[in-house]
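**Student:**
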Amino acid sequence: MAQTFHEELRDDGVCIITLDRPERLNALTFEVYRELADRFAYLRTDRSVHAVVITGRGKAFCSGGDVHDIIGRLFEQDEEQVLEFTRMTGELIANMRKAPQPIVAALNGTAAGAGAVIALASDLRVFSASAKIAFLFTNVGLTGADMGAGWLLPRIVGLGRATELLMLGCGIDAATADRYGLATQVVPPGECLPTAMALAERLAAGPLNALATTKRLLNTEWTLDLDTGIETEALAQAIHLRGADHKEFHAAFVAKRPPRFSGQGQGQGQGEG
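For the sequence shown, the numbering used here assigns the number 2 to the initial residue and increments by one for each residue that follows.
#1: Give the range of the beta strand (DSSP E) segment to which residue 186 is assigned.
#2: So is residue 118 buried or exposed if we call it buried at 16+ other beta carbons inside 10 Å?
#3: Can we say the stretch 203–211 touches the stretch 143–152, given the rule of at least three CB pairs closer than 8 Å?
#4: Tell me where the beta strand (DSSP E) around residue 112 begins and ends.
#5: Using a Cβ-Cβ cutoff of less than 6 Å, which residues in the same chain neighbour residue 5 once the five nearest sequence positions on both sides are dropped?
#6: How would you write the range of the alpha helix (DSSP H) that residue 38 sits in, first residue to last?
#7: May I ask you to report which of helix, strand or coil DSSP gives residue 291?
#8: Can you tell me whether residue 182 is helix, strand or coil according to DSSP?
#9: What residue does the alpha helix (DSSP H) around residue 192 start on, and which one ends it?
#10: Find out if the Cβ-Cβ distance for the pair residue 193, residue 108 is shorter than 8 Å.
#11: DSSP three-state label for residue 266, please.
#12: I'd like to know if the stretch 122–138 and the stretch 183–190 are in contact, where contact means that at least 3 CB-CB pairs between them fall below 8 Å.
#13: Do residue 71 and residue 18 have their beta-carbon atoms positioned less than 8 Å apart in this structure?
#14: Round the Cβ separation of residue 169 and residue 163 to the nearest angstrom and send it over; I've been treating them as touching at under 8 Å.
#15: Under 8 Å by Cβ, that's how I've got residue 94 and residue 123 pegged, so tell me the actual separation to the nearest angstrom.
#16: Near residue 249, which residues of its chain fall below 8 Å by C-beta distance, leaving aside the five closest residues on each side in sequence?
#17: What does a CB cutoff of less than 6 Å around residue 132 pick up in its chain, not counting 5 residues either side in sequence?
#18: List, from N- to C-terminal side, the alpha helix (DSSP H) runs of 4 residues or more that fit wholly inside the stretch 135–164.
#19: With DSSP collapsed to three states, give me the class of residue 244.
#20: One question on the structure: do residue 115 and residue 66 come within less than 8 Å of each other, judged by their Cβ atoms?
#21: DSSP has residue 128 in a bridge; who is on the other side?
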């Protein structure tokens, strides 16, 4: 489909997206942003994809926006064109969060700037022990709250740590990311992608609609009061209690066999936040 990154869809429904500019540490261009944003938007209706792994080729996950291909060109654009660009970068992150499929980031190396936010927007993050992550926007004279980082990061690591990371713009290693709650797992370098794949395979074989609803509620419940959150979950769970996957779990339990979830019933595309 896209020329700026490599994509592989496996028979088990796991889609592997590999950022493929290793000579530039997988830095993003206007074209990469656009194509990634469009691909994640399409996932809302792409039932062939059950889970996504995103990673980078070479020694970096993603070093952020390409200094030469983006920053230089933005200096030549007017205010409206620059705003169009910043909205497009945010669109990528919004589309990742709205995709109903679980997204696992395999941080094989450095994730900086926009690359750090792409990792942040993923549902799970597997860090190579040699990886680092840096929300370095303030270091280059930009707001640390970019592409949704100011919304997402406090929800994962808390306001205090998010303030530290976004204001100081300092990079942290994998062990620190783990201590801050940013890493799902930290593994030896050679095990990063296989570990992320194992998580994606587990998710892809799971109850897709239930996972999509979980993701949607995690996106939205933060802003709800307790009573509204409980009622929202009650309404959602009542639907799933009558769904095909829950019935399959019960049948499998009675028959003493593993469940074979179909993802039928409520639409997988209900993953929007």
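Cβ coordinates follow ideal geometry from the N, Cα and C atoms, glycine included.
**Tutor:** This is what the structure holds:
#1: 186–188
#2: buried
#3: no
#4: 111–113
#5: 32, 33, 36
#6: 31–43
#7: This structure leaves residue 291 out entirely; the chain is present only between 2 and 274.
#8: coil
#9: Per DSSP, residue 192 belongs to no alpha helix (DSSP H) and is neither H nor E.
#10: yes
#11: Summary for residue 266: the model assigns pLDDT 46, below 50, so the residue's position carries little reliability; its value from the coordinates is reported in the next sentence. Looking at residue 266 - three-state DSSP - the assignment turns out to be coil, as it is neither helix nor strand.
#12: yes
#13: no
#14: In fact, because the Cβ distance is near 11 Å, the residues do not count as touching under 8 Å.
#15: Rounded, the Cβ-Cβ distance is 10 Å, inconsistent with contact.
#16: 260, 261, 262, 263
#17: 108, 110, 175
#18: 150–158
#19: coil
#20: yes
#21: 108, 187
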